[in-house]
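In this note's numbering, the protein residues as written are 31 to 629.
For every residue, glycine included, the Cβ atom is placed at its ideal position computed from N, Cα and C.
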């Protein structure tokens with residue numbers, strides 16, 4: 031059930047959950063979002079060394095690098111290719127997936143005509159696989175005929191190729207693992223910086239035969255995998271990302287978590303998230319085409335991938351995922367732990383628009399950019415937090431303006447690892463933080479300009495490629511680039527009558543509202559009085575000790591901030607009567623202070 035978060039820090043009694051109509055998700059979109067998720071990150075530990083694989087094909091699916099899918103060439107068609115049609119347009123070979131959920135394999139069927147035809151896995155844009163130098167290409171194969179010869183090759187940007195590699199008598203009716211050394215492929219002519227096929231193969235004799243293949247992977251050496259850093263490159267290795275210390279708590283004083291996505295599920299939660307689709311430039315002359323399948327889940331993370339990939343009239347693809355119509359928030363705090371992409375022309379953003387966007391349009395709806403970064407040399411250590419609005423509000427002509435601040439890392443870049451990007455919305459201001467360090471605050475006056483920022487907003491995460499602000503990719507820009515989101519959490523103010531820990535003390539009056547065994551922390555050290563009743567060890571309980579951190583003082587009879595012991599010799603109370611007198615004196619002094627401070 032979708033929820034909308036509208037509980038205000040300034041108005042804690044407002045309802046924090048409002049039901050909305052469930053968004054209908056097509057079965058096709060659901061299937062595509064879930065089946066592609068497994069390919070984003072494939073890494074494992076072996077003997078304390080990192081190994082990493084790039085999938086070509088396995089279990090009935092093609093890895094996302096090979097966006098053109100399965101294809102074949104056929105000499106009878108003048109070597110023209112047939113793409114993703116199971117060989118319908120290639121008379122001398124066809125293919126299909128067989129098997130069950132435990133094992134699926136691709137069967138290549140040859141009719142025995144003797145006419146050359148081969149199957150391959152194609153990327154629309156040549157890939158830089160330098161990281162696989164020293165590694166291997168591996169796959170499993172078998173044949174319906176014994177001692178079947180197999181011919182394989184890897185192609186790079188035409189006419190570059192390894193040339194045909196004949197493997198004599200390697201196949202039988204039993205599965206056999208076949209390994210190709212990448213260094214040998216390079217020696218045979220492969221341009222490792224421009225690979226555009228994951229594998230090309232056919233039975234050498236071209237007789238009537240079935241060839242089954244499965245689990246085709248490119249594998250790095252453990253040393254190469256261990257050296258991979260950041261969010262770019264052919265493989266994302268989450269364990270190599272830095273920033274383990276950059277996290278945020280699950281609760282804050284006076285706030286409660288009202289919605290979160292930790293991305294620990296198997297599929298993207300399509301009850302909370304949906305997608306913008308298209309490639310019309312998005313008002314900024316951007317170059318990418320947004321698709322839903324460029325957002326995947328991997329090892330508890332949302333991975334948004336920008337690729338150099340042809341789709342319709344665009345040369346790049348990416349994802350723009352949002353909570354519009356499903357999850358909204360007004361006042362409170364948003365924490366997003368993420369690692370960012372890099373590169374000239376790369377523009378990642380974690381941001382939000384007003385929930386009335388469809389009715390009033392931009393900039394009338396207001397825009398709050400929690401984090402934006404523009405990639406390029408000297409810019410990848412800096413992020414920006416910004417507000418956009420229409421001067422005069424809803425009832426005036428278009429007059430867009432904006433204000434914002436930026437934060438620069440003391441060292442490193444945002445693609446090196448994780449940071450927590452936060453925004454706090456209050457009725458009279460908005461604040462921006464990185465790793466809980468505030469770097470910008472903007473005051474919202476009562477002017478109509480800022481009415482938009484007192485209404486619900488929804489979240490948007492995306493990577494744009496190119497645009498008027500970041501500029502455009504050049505030869506220095508590598509693909510794919512990824513934004514990796516560990517979690518997003520939304521907090522809102524607690525109700526004045528809420529008792530989170532059930533200890534009988536409402537949260538506003540409870541110094542430790544999440545500890546059912548404590549409600550007082552007189553000295554403010556984070557340890558309740560029940561556990562730590564006399565911090566300074568002077569024999570006077572913190573609850574009646576005016577100086578709970580000073581073992582030489584416990585009273586301040588005249589309220590001047592100087593302990594009585596410094597002015598005269600005072601013996602701490604010991605009898606029940608003395609304690610009662612002291613408590614009465616303390617109450618009188620506090621009441622007097624309150625009266626003096628009242629307007």
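- If the five residues before and after residue 193 are omitted, its C-beta is found closer than 8 Å to the C-beta atoms of 183, 218, 219, all from its own chain and listed in chain order.
- Cβ-Cβ distances below 6 Å link residue 216 to 222 in the same chain, with the five nearest sequence neighbours on each side left out; the list follows chain order.
- Contact between the stretch 297 to 305 and the stretch 558 to 570 is absent: fewer than 3 CB-CB pairs across the two stretches fall below 8 Å.
- Counting other Cβ atoms within 10 Å of its Cβ, residue 113 stays below 16 and is therefore classed as exposed.
- Residue environment for residue 430: exposed (fewer than 16 other C-beta atoms within 10 angstroms of its C-beta).
- Residue 164 has its alpha-carbon roughly 45 Å from the corresponding atom of residue 469.
- Runs of alpha helix (DSSP H) with 4 or more residues, each lying fully within the stretch 369 to 421, are found at 387 to 390, listed in chain order.
- In the DSSP assignment, residue 200 falls outside any alpha helix (DSSP H) and lies within the beta strand (DSSP E) extending over 195 to 201.
- Secondary structure at residue 524: coil, using DSSP grouped into helix, strand and coil.
- Residue 188 sits exposed, since fewer than 16 C-beta atoms from the chains shown fall within 10 Å of its C-beta.
- DSSP, read as helix, strand or coil, puts residue 212 in helix.
- DSSP, read as helix, strand or coil, puts residue 587 in coil.
- Residue 191 is bridged by DSSP to 185.
- By the Cβ neighbour-count rule, residue 117 is buried, with 16 or more other Cβ atoms within 10 Å of its own.
- When rounded, the separation of the alpha-carbon atoms in residue 97 and residue 339 is 8 Å.
- The beta carbons of residue 149 and residue 105 sit no closer together than 7 Å.
- In this structure, residue 229 lies away from residue 200, with their beta-carbon atoms at least 7 Å apart.
- Around the beta carbon of residue 310, a 10 Å sphere encloses fewer than 16 other beta carbons of the protein chains shown; the residue is thus reported as exposed.
- Taking all protein chains shown into account, residue 280 has fewer than 16 neighbouring C-beta atoms within 10 Å of its C-beta and is therefore exposed.
- Contact between the stretch 417 to 427 and the stretch 442 to 457 is absent: fewer than 3 CB-CB pairs across the two stretches fall below 8 Å.
- With a 10 Å radius around the Cβ and a threshold of 16 neighbouring Cβ atoms, residue 361 comes out buried.
- Annotation for residue 197: 180 place their beta carbon closer than 6 Å to its own, counting only its chain and skipping 5 residues before and after.
- The Cβ atoms of residue 147 and residue 246 lie no closer than 7 Å to each other.
- A straight line joining the alpha-carbon of residue 471 with that of residue 285 spans about 20 Å.
- At the C-beta level, residue 535 and residue 552 stay beyond 7 Å of one another.
- Assigned with DSSP and collapsed to three states, residue 253 falls in helix.
- In this structure, DSSP gives residue 172 an extended state, which the three-state scheme calls strand.
- Excluding five sequence positions before and after residue 384, the CB atoms of its chain that fall closer than 6 Å to its own CB belong to 395, 396, 482, 485, 487, given in chain order.
- Leaving aside the five residues that flank residue 542 on each side, the residues in its chain whose CB is nearer than 7 Å to its CB run, in chain order, 548, 549, 551, 558.
- Under DSSP, residue 88 shares a beta bridge with 91.
- Taking all protein chains in view, the Cβ of residue 203 is surrounded by fewer than 16 other Cβ atoms within 10 Å, so the residue is classified as exposed.
- Counting only residues of its own chain and dropping the five nearest sequence neighbours on each side, residue 251 has a CB closer than 6 Å to the CB of 164, 165.
- For residue 440, the closest alpha carbon among the candidates 432, 427, 433, 411 is that of 411.
- With fewer than 16 neighbouring CB atoms inside 10 Å of its own CB, residue 408 falls in the exposed class.
- Comparing alpha-carbon positions, the option among 123, 185, 136 lying closest to residue 152 turns out to be 185.
- Counting along the chain, residue 153 sits inside the beta strand (DSSP E) bounded by residues 147 to 157.
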